[in-house]
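Quick note: the sequence shown uses the working numbering, first residue 40, plus one each step.
Ideal Cβ positions, reconstructed from N, Cα and C, are used throughout, including at glycine.
A short worksheet on the structure shown next.
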Amino acid sequence: MTDKIKNLCLRTATGIAFVAVLVGGILWSNVTFTLLFAVITGLSVWEFCQVVNRRADVQTNAVICTVAGIYLFLAVSGFCSNLTPSGVFIPYLLSVVYLLVSELYLKSEHALNNWAYTMMSQMYVALPFASLNILAYQPEASYSIGVAYAGMLPLSVFVFLWASDSGAYCFGSLFGRHKLFPRISPNKSWEGSVGGGLVAVAASQIFACFEPSLDRWEWLGLALTVVIFGTWGDLVESLLKRQLQIKDSGNILPGHGGMLDRFDSSLLAIPASVIYLYTLTLL
């Protein structure tokens, strides 16, 4: 068996396991959803801090950033599920204040860089994952706590991203001629992106057949939102890796790289989906 075939088998096995864990964790219950993404948030923030700390002019506190990121996810989960009051965010705010004030005493020559990357670990990584809770818990008057767990909405974001990625690969391989963003990602093409968008739109109509929380046009709009911002999310992480001069963000997922490599698209697609669905409630 050649190395290429071995790598393909490894990527396939990891991909299947990854999808199975993600889908199972989201659909099984709100408890498994919370535990799964608390772990994913922690691993992703830790990985981000480890990557940026490779720079000689950056030193983030990976432990506190990771704990703060996990706490933010759990705090938003408790608040969105009506289990905790807004005061649950106070410890998180205190951790942010500590991360800022601590630089006064560390005597680092690059305090501004430390602040910037520390806050980026929260805004770029932790906050998008925490925003999944806004999708997962929807108002429901018939429930005693006033909200119901709706796993299909957060799941749809990932399904649309997977559909878009698969479609983009197939259409790009067959018809790709015009580069989408050659300075950042020379392999992406406009043809692939449009093809991926069409596949995601098709997937959205399947959701519309089985999930009545949104109508067909609203599902279509959500799919397009995910595709557009997911593409930007992918490009943002590609730019980050180029700036840091690394190929992969980590190696925790054999054949797929790190957590940020797998969730790069979702880091912009998730908050964009929240904004889209919130806008629908205002119309």
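Task: Where the alpha helix (DSSP H) through P251 begins and ends - done: Run containing P251: none; DSSP gives neither H nor E here.
TODO: With A169 as the anchor, note down where its alpha helix (DSSP H) starts and where it stops.
DONE: 166-175
Task: Local conformation of L122 per DSSP, three classes - done: coil
Task: Cut-off 7 Å between Cβ atoms - residues of its own chain near Y156, not counting five sequence neighbours on either side - done: V91, V97, T99
TODO: Round the Cβ separation of V264 and A165 to the nearest angstrom and send it over; I've been treating them as touching at under 8 Å.
DONE: According to the sequence shown, residue 264 is Thr rather than Val. In fact, because the Cβ distance is near 21 Å, the residues do not count as touching under 8 Å.
- [ ] Counting only the same chain and skipping the five closest in sequence on each side, list residues whose C-beta sits under 7 Å from that of L274.
- [x] F220, I223, S224
Task: Nearest to L113 (by Cα), restricted to the options E257, W229, T73 - done: T73
- [ ] Look up A315 in the DSSP assignment and give the residues it is bridged to.
- [x] At residue 315 the sequence reads Tyr, which differs from the Ala that was named. Bridge partners of Y315: none, in fact.
Task: Collapsed DSSP secondary structure at G296 in the structure displayed - done: strand
Open item on the list: Given this structure, state the Cα-to-Cα distance separating V233 from W271, to the nearest angstrom.
Closed with: 14 Å
Open item on the list: Closest to A150 by C-alpha separation, out of Q161, T320, L138, would be which residue?
Closed with: L138
- [ ] Could you work out which residue in Q244, K227, E148 is closest to L259 when comparing CA atoms only?
- [x] Q244
Task: Own chain partners of A308 with C-beta closer than 7 Å, once the 5 adjacent residues on each side are dropped - done: V196, L200, V265, F268, G269, G272
Task: Secondary structure of L322, DSSP reduced to three states - done: coil
Open item on the list: Here's the rule I'm using: 16 or more other beta-carbon atoms within 10 Å means buried, otherwise exposed. How should S68 be labelled?
Closed with: exposed
TODO: Measure the C-alpha to C-alpha separation of T51 and D303 and round it to an integer number of angstroms.
DONE: 19 Å
Open item on the list: In whole angstroms, give me the CA-to-CA distance for L133 and S141.
Closed with: 12 Å
Task: Inter-residue CB distance, L143 and M298 (contact presumed, cutoff 8 Å) - done: Contact doesn't hold; Cβ gap of about 31 Å is too wide.
Open item on the list: Considering only the alpha carbon of each residue, which of A202, F214, Y208 lies closest to S305?
Closed with: A202
TODO: State the Cα-Cα distance for the pair N152 and A95, rounded to the nearest angstrom.
DONE: 10 Å
TODO: Please confirm if the segment 166-173 is in contact with the segment 104-124, defined as three or more CB-CB distances below 8 Å between the two stretches.
DONE: yes
Task: Assigned exposure category for L321 - 16 Cβ within 10 Å defines buried - done: exposed
Task: Collapsed DSSP secondary structure at S228 in the structure displayed - done: strand
- [ ] Would you mind sorting F249 into buried or exposed? The rule is 16 or more other CB atoms within 10 Å of its CB.
- [x] exposed
Task: Rounded straight-line distance, which links the Cα of V186 to that of N121 - done: 7 Å
- [ ] Output the distance between the C-alpha atoms of L279 and F87, rounded to the nearest integer angstrom.
- [x] 10 Å
- [ ] On a CA-only basis, which of L66, L192, A239 is nearest G323? Give me that one, please.
- [x] Because residue 323 is not part of the residues shown, which for the chain are 40 to 322, the question remains open.
Task: Coil, strand or helix - V97 by DSSP - done: coil
TODO: May I have the straight-line CA-CA distance separating V60 from G54, to the nearest angstrom?
DONE: 10 Å
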